[in-house]
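Chemist: Sharing a structure here in C-alpha cells format.
2 protein chains.
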Amino acid sequence: MATIKQVCELAGVSAATVSRVINGSDRVIEATRKKVQAAMDELGYQPNLAAQALASNRSNTIGMVISGLDGPFYGTMMAAVEAQLRELNRHLLIASGHGNAESEEEAIKYLSSRQVDGLILLTEGLSSEALLAISQSIPVFLINQQVPGLENRNVWLDNFGGAYRATQHLIEQGHRNIVCIGGPAFKQDANDRVAGFETAMRDAGLDVSGQPIFRVTFGVEGGRQAMNYFREQQLEYSAVVAGSDETAVGVYEWAEENGLVIPDDFSVIGFDNMNLSAYVRPKLSTVAFPIVEMAKASARMAFDVIYNKAHSEGVEFNTELVLRNSVKAL
Amino acid sequence: MATIKQVCELAGVSAATVSRVINGSDRVIEATRKKVQAAMDELGYQPNLAAQALASNRSNTIGMVISGLDGPFYGTMMAAVEAQLRELNRHLLIASGHGNAESEEEAIKYLSSRQVDGLILLTEGLSSEALLAISQSIPVFLINQQVPGLENRNVWLDNFGGAYRATQHLIEQGHRNIVCIGGPAFKQDANDRVAGFETAMRDAGLDVSGQPIFRVTFGVEGGRQAMNYFREQQLEYSAVVAGSDETAVGVYEWAEENGLVIPDDFSVIGFDNMNLSAYVRPKLSTVAFPIVEMAKASARMAFDVIYNKAHSEGVEFNTELVLRNSVKAL
DNA sequence: TTGTATGCGTTATCAG
DNA sequence: CTGATAACGCATACAA
Chain C
5 MATIKQVCEL AGVSAATVSR VINGSDRVIE ATRKKVQAAM DELGYQPNLA AQALASNRSN
65 TIGMVISGLD GPFYGTMMAA VEAQLRELNR HLLIASGHGN AESEEEAIKY LSSRQVDGLI
125 LLTEGLSSEA LLAISQSIPV FLINQQVPGL ENRNVWLDNF GGAYRATQHL IEQGHRNIVC
185 IGGPAFKQDA NDRVAGFETA MRDAGLDVSG QPIFRVTFGV EGGRQAMNYF REQQLEYSAV
245 VAGSDETAVG VYEWAEENGL VIPDDFSVIG FDNMNLSAYV RPKLSTVAFP IVEMAKASAR
305 MAFDVIYNKA HSEGVEFNTE LVLRNSVKAL
Chain B
5 MATIKQVCEL AGVSAATVSR VINGSDRVIE ATRKKVQAAM DELGYQPNLA AQALASNRSN
65 TIGMVISGLD GPFYGTMMAA VEAQLRELNR HLLIASGHGN AESEEEAIKY LSSRQVDGLI
125 LLTEGLSSEA LLAISQSIPV FLINQQVPGL ENRNVWLDNF GGAYRATQHL IEQGHRNIVC
185 IGGPAFKQDA NDRVAGFETA MRDAGLDVSG QPIFRVTFGV EGGRQAMNYF REQQLEYSAV
245 VAGSDETAVG VYEWAEENGL VIPDDFSVIG FDNMNLSAYV RPKLSTVAFP IVEMAKASAR
305 MAFDVIYNKA HSEGVEFNTE LVLRNSVKAL
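So the sequences go chain by chain: C and B. The numbering used here numbers the first residue of the first sequence as 5 and each following residue consecutively. The numbering used here numbers the first residue of the second sequence as 5 and each following residue consecutively.
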C-alpha cells in the first residue's frame with residue numbers, strides 16, 4: 005500500500021500538498037494538482053482511512069439502524085443508501101435492531117462507539133424524546149418518522165394521502181360500508197393511514213362512527229384478528245382497507261377459511277406494494293411508494309448536512325395507487 | 005471522549021499497560037488489570053477505532069458483498085452476519101452488487117480500498133478464477149459457492165440433497181412423470197439441484213432421457229417459460245419440481261392462465277421456502293434451509309481465521325422438506 | 001500557493 | 001510484568 009509519503013516524493017511536493025489534492029482543496033495550483041494526481045495514479049495510491057479518520061476526527065462513515073432486516077423493503081432501502089453513500093465516497097455501517105426500543109438503543113450505542121459521523125434511523129421502537137436526545141450528541145436522520153424538532157431531518161411517506169386515495173378509490177367503485185384495519189397506535193405511519201381513511205370517508209359523507217376501524221399489529225395474524233372482530237361486531241361492509249399488504253394477506257386467509265371469495269364477497273386494498281401483492285390471488289390492489297428514492301434522499305440529506313454543513317429540509321414522498329384485482333366495482 | 009492517556013493517568017500506569025488490558029493480553033497481573041479496568045469504567049472509556057486501526061494495521065472490519073439486497077433472504081443473511089460480528093466485537097461493511105460480475109468486482113474493490121480485514125461473499129457473477137485470485141490478497145469466505153481451492157472457506161447448502169428429497173417426496177406420492185425446471189447453468193446451486201432431481205429419478209428407476217429438464221433464469225417468468233416449453237414438447241407429467249419458489253410462482257401463474265388447478269391437475273414443489281410460499285394458494289410445498297445459521301457460521305469462520313489464525317473447514321448445511329398443499333398423492 | 005511541524009490515539013518494540 | 005518511545009498515515013495550523 006502506497007502512502008502519502010511515497011506520493012509526495014514521486015511528485016516532488018510536500019505531504020501537505022498531496023493531502024490538499026486528496027481533499028479537493030482549491031488552494032492548489034492546477035499544475036501541481038496534475039503532478040500529484042499523476043503520482044497517485046502511478047502508485048495506485050489509496051488514502052489510509054484509519055489515518056484520515058484519526059487525523060481529521062472523522063470516520064467518513066454513517067451508521068444506519070434498521071429495525072429488522074428481514075422486513076419487506078428494508079433490504080432494498082439499505083442497498084440504496086449504501087449505493088448513494090458509496091457514490092459520495094462515504095461508508096455505511098449497519099446495525100440491525102429487532103423492532104423494539106431496547107435493541108435499537110443498543111444498535112445506536114454500538115454505532116456511536118464506532119464513532120460514525122451521523123445516524124440514519126429506520127426504527128420503530130424509539131420514542132420521540134429518545135430520538136431528540138440522541139440528536140443532541142450526533143446528527144440524526146429519520147426515515148418515515150415525524151419527530152417534533154427533527155422535522156427538517158426527516159424523509160417520510162405521505163401515508164395519510166396514500167390511505168386517503170385508497171379509500172377514495174373504494175368509494176369511487178361504489179363502496180359505502182368500508183372497514184379499516186389499522187396498525188398499532190404507537191406507530192406514526194399507522195396512525196396517518198388510519199387518519200387518511202377516516203378523512204376520505206368523512207369527505208365523502210360516509211359515517212365512521214360505527215367502529216369500522218380496528219387496530220392490530222401489522223402482519224398476517226393481525227388481518228385475521230381484525231376480520232373476526234368485525235364479524236363479532238356484526239358490521240356490514242363491502243370493502244376493507246388494510247393497513248399493510250401483510251395484513252391484507254391475513255384478510256385473504258380469513259376469507260378463505262370462511263368460504264368467502266375476494267373480491268366477489270368483499271373487496272380489499274392493501275398498502276406497501278410488497279412483492280407478495282402480485283403473487284397472491286386475486287392480485288392485491290395496493291398503495292406503492294418510492295423506496296429507493298426515499299432511501300437515496302435520506303442518504304443525500306445526511307451527507308449534505310454532515311459533510312457540507314448544509315441546511316436540510318424534510319421531504320415528503322408520494323404514494324401511488326396500484327390497481328390490481330382485489331377490488332370490485334359495485 | 006476519554007483517551008488512553010486519561011485512563012493511564014487515572015490508573016497510575018503506562019499507556020502500554022492500558023493497551024494490554026484492552027486487548028486482553030495475559031502479560032498483566034490481575035491487580036493492575038483491575039485497577040485499569042476501574043479507571044476505564046469510571047471514564048466510560050472507548051478505544052478510538054481509527055487509532056487502533058492505524059497502529060495495528062487492522063480495521064477489525066469485515067466486508068460483505070451481496071449480489072442484490074432485495075433478494076428473498078439476503079437481508080436476513082446480512083442481519084445475521086452483522087449480529088454475529090457485533091457480538092465478536094468486529095464490524096460489517098456492506099456493499100451490494102447487482103448480480104453481475106462487474107458490479108460485484110467493483111464492490112470488492114470498494115471494500116478492499118476500505119481496507120477490510122476479510123471478505124464474505126454472497127455473489128453470483130464472479131468466476132471461480134476471479135474468486136481464487138482475490139483470495140490471494142485478502143481472506144475470502146464464501147456462502148453457497150463451491151470453488152476449487154477454497155473448499156475450506158465455504159459454507160454451503162446441500163442443494164443436491166434438497167432437490168433429491170423433494171423429488172423423492174413426489175415419487176413417494178405416486179408420481180412417475182416428473183418434470184424439472186432448473187436455474188441457469190452457470191449457477192452452482194442450480195446445477196446441484198438439477199443433479200439432485202436426476203439422481204432421485206434414476207434411483208427410483210425412472211426415465212430422465214425424455215427432456216424433462218428445462219433451464220431458465222430464476223424468477224416468475226422463468227417458470228412460465230418452462231411450462232410453455234413442456235407443452236410444446238408434449239411432455240406428460242403429473243408433477244413439477246421448480247428450481248426456486250419464485251419459479252414455482254411462475255408455474256402457478258401459468259396454471260391459472262391455462263385453466264389448470266394445482267395440485268389437482270399437477271403437483272408442484274419449490275425450493276427456498278420464501279415467505280411467499282405460505283401466501284400463495286395452494287400453499288407451496290418446498291425445501292427450506294437454515295439461513296441464519298449459515299450466515300452465522302460464515303461470520304464465525306471468518307472471525308476465527310482472520311483474527312485467530314484458526315484453520316477452517318467447509319461446512320455443509322442441510323435442507324428440510326416443508327410440506328404444504330401443492331402436492332397431491334396419486 | 002506551498003512547506004514545516006505537530007498531533008491524532010493506539011500498538012508494538014525494546015528495555016528494564 | 002511494566003514503562004518509554006517510536007511508529008502508523010494523514011490533516012491542519014502556521015509560517016514562508
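For each residue, glycine too, the CB sits at the ideal point set by N, CA and C.
1. Are three or more beta carbon pairs between the region 177-194 of chain C and the region 228-246 of chain C nearer than 8 Å?
2. With 16 as the cutoff for other CB atoms within 10 Å, does H315(B) come out buried or exposed?
3. Going along the chain, which residues of the region 104-125 of chain C sit with their C-beta nearer than 8 Å to a C-beta in chain B?
4. Please name the residue, chosen from G129(C), T21(C) and Q56(C), that lies closest to N344(C) on a Cα-to-Cα basis.
5. DSSP beta-bridge partners for S289(B)?
6. Report yes if the CB atom of R37(C) is closer than 8 Å to the CB atom of V22(C), and no otherwise.
7. Can you give the Cα-Cα distance for I138(B) and V144(B), rounded to whole angstroms?
8. Look at the Cβ atom of F275(B), then the Cβ atom of D162(B), and state whether they are nearer than 8 Å.
9. Would you call the region 53-72 of chain B and the region 102-117 of chain B in contact, with 3 or more CB pairs under 8 Å?
10. 8 Å is my cut-off, CB to CB: does G79(C) come that close to chain B?
11. Among residues of its own chain, excluding the 5 on either side of N329(C), which ones have a beta-carbon nearer than 6 Å to its beta-carbon?
12. Determine the direct distance from the alpha carbon of F293(C) to that of E86(C), and round the result to whole angstroms.
13. The region 235-266 of chain B: which residues have C-beta closer than 7 Å to a C-beta of chain C, in chain order?
14. Is it buried or exposed, Q56(C), if we count other Cβ atoms within 10 angstroms and call 16 or more buried?
15. I need the boundaries of the alpha helix (DSSP H) containing H173(B), first residue and last residue.
16. Rounded C-beta distance between I336(B) and S289(B)? I'm assuming under 8 Å.
17. Mind checking whether T251(B) and A204(B) have CB atoms under 8 Å apart?
18. Rounded to the nearest angstrom, what separates Y256(C) and S281(B) at their Cα positions?
19. For L334(C), count the other beta carbons within 10 Å of its own beta carbon; 16 or more makes it buried, fewer makes it exposed. Which is it?
20. At a Cβ cut of 8 Å, what residues of the region 272-284 of chain C count as close to chain B, listed as they run along the chain?
21. Please determine, among W258(B), V32(B), L123(B) and G165(B), the residue with the shortest C-alpha to C-alpha distance to V224(B).
22. Given that S63(C) touches chain B, what residues does it touch there, using C-beta distances under 7 Å?
23. Measure the alpha-carbon distance for G209(B) versus H179(B) and round it to whole angstroms.
24. L174(C) and G214(C) - do their beta-carbons sit closer together than 8 Å?
25. L58(C) CB to nearest chain B CB: under 8 Å?
26. Between E86(B) and chain C, is there a C-beta pair that is closer than 8 Å?
27. Whole-angstrom Cβ separation of Y78(B) and G79(C), contact assumed at under 8 Å?
28. For G186(B), report the span of its beta strand (DSSP E) as first-last.
29. With a threshold of 7 Å (Cβ to nearest heavy atom), would M278(B) be considered close to the ligand MG?
30. Where N158(B) and M5(C) are concerned, what is the direct C-alpha to C-alpha distance, given to the nearest angstrom?
31. Verify whether the separation of the beta carbon atoms of E317(C) and N156(C) is less than 8 Å.
Modeler: To lay it out plainly:
1. These segments touch.
2. exposed
3. Contacts with chain B (Cβ-Cβ distance below 8 Å) from the region 104-125 of chain C involve Y114, S117, R118 and Q119, listed in chain order.
4. A query on residue 344(C) cannot be resolved here, the shown segment of chain C reaching from 5 to 334 and no further.
5. For S289(B), the pairing in a beta bridge is given by DSSP as I273(B).
6. no
7. 7 Å
8. no
9. yes
10. yes
11. P286 and K287
12. 19 Å
13. V253
14. So Q56(C) counts as buried.
15. Residues N163 to E176.
16. Residue 336(B) is absent from the model: chain B starts at 5 and stops at 334.
17. no
18. 14 Å
19. exposed
20. Within the region 272-284 of chain C, the qualifying residues are N279, L280, Y283 and V284.
21. W258(B)
22. Contact annotation for S63(C) against chain B: A54 [CB-CB distance below 7 Å, chain order].
23. 12 Å
24. no
25. yes
26. yes
27. 6 Å
28. I182 to G186
29. No copy of the ligand MG occurs in the structure displayed, which carries no ligand at all.
30. 28 Å
31. yes
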